[in-house]
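Listed below in structure tokens is the structure:
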């Protein structure tokens, strides 16, 4: 009996293996160039305990963060766990911008929304196909509503 494999592939017949293209080279940013999008994601993920506190929840997990871009709004999907194992899954939408510009207050807006009075909720809920319940909180609309009420 002859072995069709070589010492390099340890006796495995490679004739049936699919051809896999090589992975692209990893592109790294230089040390002096911060990645604003990654900073945005890290900031929102690390704000989970503050989100839980603002909402009066036991814990919070940031399930998804999408940084803003010229063509898309920032997004944060947050799951809050309250006493009695009650979970609330919320999606927040921010503005359209470039990471590192106007997005510095997105986490603060979410915290303020969670801690605030939401009795006029319909004014800032918007349809959102990517949210689990099909709705998202538009914090930019909510913040605008607060500013107009303050005037």
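Numbering (the working numbering), first residue to last: 3 to 153.
C-beta atoms are modelled at their ideal positions from N, C-alpha and C, and glycine is treated no differently.
Residue i versus residue j: straight-line alpha-carbon distance, rounded
i           : j           : result
residue 72  : residue 99  : 5 angstroms
residue 5   : residue 39  : Bear in mind that the predicted position of residue 5 carries a pLDDT of just 48, short of 50, making it too unreliable to give a figure here.
residue 42  : residue 131 : 23 angstroms
residue 138 : residue 79  : 9 angstroms
residue 134 : residue 107 : 24 angstroms
residue 65  : residue 37  : 20 angstroms
residue 114 : residue 90  : 17 angstroms
residue 84  : residue 45  : 23 angstroms
Beta-carbon gap between residue i and residue j smaller than 8 angstroms
i           : j           : result
residue 56  : residue 116 : yes
residue 126 : residue 109 : no
residue 67  : residue 47  : yes
residue 92  : residue 54  : no
residue 145 : residue 124 : no
residue 96  : residue 142 : yes
residue 94  : residue 77  : yes
residue 51  : residue 62  : yes
residue 129 : residue 118 : no
Backbone secondary structure at residue i - three-state DSSP
i           : result
residue 97  : strand
residue 134 : coil
residue 140 : strand
residue 41  : helix
residue 2   : Residue 2 lies beyond the range of the chain shown here (3 to 153); nothing can be said about it.
residue 59  : coil
residue 71  : strand
residue 51  : helix
residue 2   : Any question about residue 2 goes unanswered here, given that the chain covers just 3 to 153.
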